[in-house]
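Peer 1: For my numbering, count along the sequence shown from 1 and bump the result up by 3.
From the three backbone atoms N, C-alpha and C, an ideal C-beta is built for every residue, glycine too.
Please read these numbers as outputs of a predicted model, since none were measured by experiment.
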Amino acid sequence: MELFVTQLANGLVIGMTYALVAIGLTLIYGIFHIINMTQGSLYMLGAYAAYVFVSGAQGNYFVAIVFAMVAVGLVGLLFERLSVRPLLGRNHLVFILSTFGLAVITDNLVMIGFGPEPLRLASPIARKFINVQDVLFLTQQKVFLIVFGVAMIVLLTQFLKRTNVGRGMRAVATDQNTAALMGINVKQIYRVTFFLGAAMSAAAGALVGAVFSIEPEMGNLLIIKSFAVVIMGGMGSVPGAFLGGLILGVSESLGGAYLTVEYKDAFGLIVMILVLLLRPQGLLGRRMGLR
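1. Report back the beta-carbon spacing between residue 46 and residue 233 to the nearest angstrom; my notes put them in contact at under 8 Å.
2. Please state if the CB of residue 256 and the CB of residue 14 are separated by a distance shorter than 8 Å.
3. Quick check on the DSSP output: the beta strand (DSSP E) that includes residue 296 runs from which residue to which?
4. Quick one: what does DSSP say residue 160 is sitting in, helix, strand or coil?
5. Classify residue 60 as buried or exposed, calling it buried when 16 or more other Cβ atoms lie within 10 Å of its own Cβ.
6. Would you kindly check if the distance between the Cβ of residue 148 and the Cβ of residue 241 is under 8 Å?
7. Roughly how many angstroms lie between the CA atoms of residue 183 and residue 62, to the nearest whole one?
8. Are the beta-carbon atoms of residue 98 and residue 192 separated by less than 8 Å?
9. Do you know offhand how far residue 259's Cα is from residue 216's?
10. Report the option in 127, 89 and 142 whose CA atom is closest to the CA atom of residue 133.
11. Short of 8 Å in beta carbon distance, which residues of its chain neighbour residue 146, apart from the five on each side in sequence? Order them along the chain.
12. Can you name, in chain order, every residue of its own chain whose Cβ lies under 6 Å from the Cβ of residue 1, other than the five neighbours on each side?
13. Any chance you could list the alpha helix (DSSP H) runs of at least 4 consecutive residues sitting entirely within the segment 141-197, in chain order?
14. Just to confirm the assignment: which complete beta strand (DSSP E) runs, minimum length 3, are found wholly within the segment 49-101?
15. Taking the continuous alpha helix (DSSP H) assigned at residue 248, which residues delimit it?
16. With 16 as the cutoff for other CB atoms within 10 Å, does residue 127 come out buried or exposed?
17. Need the endpoints of the alpha helix (DSSP H) that residue 275 sits in, please.
18. On the criterion of 16 or more Cβ atoms from any shown chain inside 10 Å, does residue 275 qualify as buried, or is it exposed?
19. Have a look at 11, 16 and 166 and flag the residue whose alpha-carbon is nearest the alpha-carbon of residue 211.
20. What is the residue span of the alpha helix (DSSP H) that residue 5 lies within?
21. When you compare each of 263, 196, 205 and 168 to residue 151 by their alpha carbons, which one comes out closest?
22. Using alpha carbons as the reference points, say which of 213, 117 and 201 lies closest to residue 226.
23. Taking the C-alpha atoms as reference points, what is the distance between residue 195 and residue 188?
24. For residue 223, which three-state DSSP category applies?
25. Does the Cβ of residue 7 have 16 or more other Cβ atoms within 10 Å, making it buried, or fewer, making it exposed?
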């Protein structure tokens with residue numbers, strides 16, 4: 004029982020990480036209908052931005068999370084300007100290649116600046132444990148990651164539904180030409196979308212950096228898994244990305260604990276295939292757009 008509960012909790016931690024990055028990916032896909040291969044690099048930059056704020060500037064860890072989101076959000080604006088906007092209207096493969104190239108450049112620049120050695124992001128709650136009935140032992144950092152992630156997703160969902168900018172994003176995701184005729188500033192929506200998508204990934208990086216180590220290539224496998232989460236949840240669906248991320252994380256954690264850890268990455272992908280066999284459009288996928 005203790006093993007199951009512990010691995011379930013660890014799966015939720017991993018799944019929340021996948022969900023945050025996948026939501027950033029699905030936001031950008033919903034507006035641009037492209038796969039942003041820099042999403043893993045933005046996740047990595049979030050971890051390093053928080054590390055610089057805490058270790059270099061001796062800042063508070065919790066403030067560092069906000070700093071990382073804003074700083075990497077601005078980097079996302081730069082990425083959008085360099086690798087996406089000049090290519091709008093081109094073949095989708097062009098966007099994959101351009102964003103992939105930018106991701107490789109970013110990863111290598113970070114490796115040059117910080118070195119390839121793993122680093123640890125200091126958090127005041129990383130070594131404090133929560134004991135639940137002697138069944139579940141979990142660090143406060145992991146609990147904070149889950150709670151913060153849920154709060155971020157709830158706030159984003161309300162932003163999309165209740166604000167003018169959020170409704171504008173949904174309109175552009177559905178039909179850009181009609182949205183422009185309605186007076187919506189499409190270029191502004193582009194910028195807001197990339198900022199939010201980058202900030203979500205940065206938050207995940209800053210949170211995970213205090214649980215595991217950070218390194219320049221930490222986002223390489225994550226971008227593949229996040230794309231799998233987006234497909235499983237339904238393209239363009241924020242709640243679907245959230246649900247898909249949790250399912251993938253829990254599947255990997257429980258599969259690694261009860262079967263074999265060597266193939267834990269495969270268990271989540273098997274679950275994704277099973278989901279798509281039952282629902283080819285994804286868990287919450289129904290139509291094109293942003294939901």
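Peer 2: On the basis of the supplied data:
1. A Cβ-Cβ distance of about 14 Å is found for the pair residue 46 and residue 233, leaving them out of contact under the 8 Å criterion.
2. Residue 256 is positioned such that its CB atom lies closer than 8 Å to that of residue 14.
3. It is not possible to answer for residue 296, since the shown part of the chain is limited to 4 through 294.
4. In this structure, residue 160 counts as helix in the three-state DSSP scheme.
5. Exposed.
6. No; because the gap between Cβ atoms is not below 8 Å, this pair is not in contact.
7. Separation of residue 183 and residue 62 (C-alpha to C-alpha, rounded to the nearest whole angstrom) is 43 Å.
8. Not a contact, by the Cβ cut-off of 8 Å.
9. The straight-line gap from Cα to Cα measures roughly 20 Å.
10. Checked all of 127, 89 and 142; the closest Cα to residue 133 is 142.
11. For residue 146, where only same-chain residues beyond five positions count, the Cβ hits under 8 Å are 133.
12. Residue coverage of the chain in this structure runs from 4 to 294, which leaves residue 1 outside it and unanswerable.
13. Fully enclosed alpha helix (DSSP H) runs of 4 or longer: 143-165, 167-177 and 179-184.
14. Restricted to the segment 49-101, not a single beta strand (DSSP E) segment is unbroken, complete and at least 3 residues in length.
15. Here the alpha helix (DSSP H) through residue 248 covers 241-261.
16. Classified as exposed, residue 127 has fewer than 16 neighbouring CB atoms from the shown chains inside 10 Å of its CB.
17. Per DSSP, residue 275 is one residue of the alpha helix (DSSP H) stretching across 267-281.
18. Residue 275 is buried by the Cβ-count criterion.
19. Closest in alpha carbon position to residue 211, among 11, 16 and 166, is 16.
20. Run containing residue 5: 5-35, per the alpha helix (DSSP H) assignment.
21. Among 263, 196, 205 and 168, the Cα nearest to that of residue 151 is on 205.
22. Comparing Cα-Cα distances from residue 226 to each of 213, 117 and 201, the minimum goes to 201.
23. When only Cα atoms are considered, residue 195 and residue 188 end up about 11 Å apart.
24. Reduced to three states, the DSSP call for residue 223 is helix.
25. When all chains shown are included, residue 7 counts as exposed.
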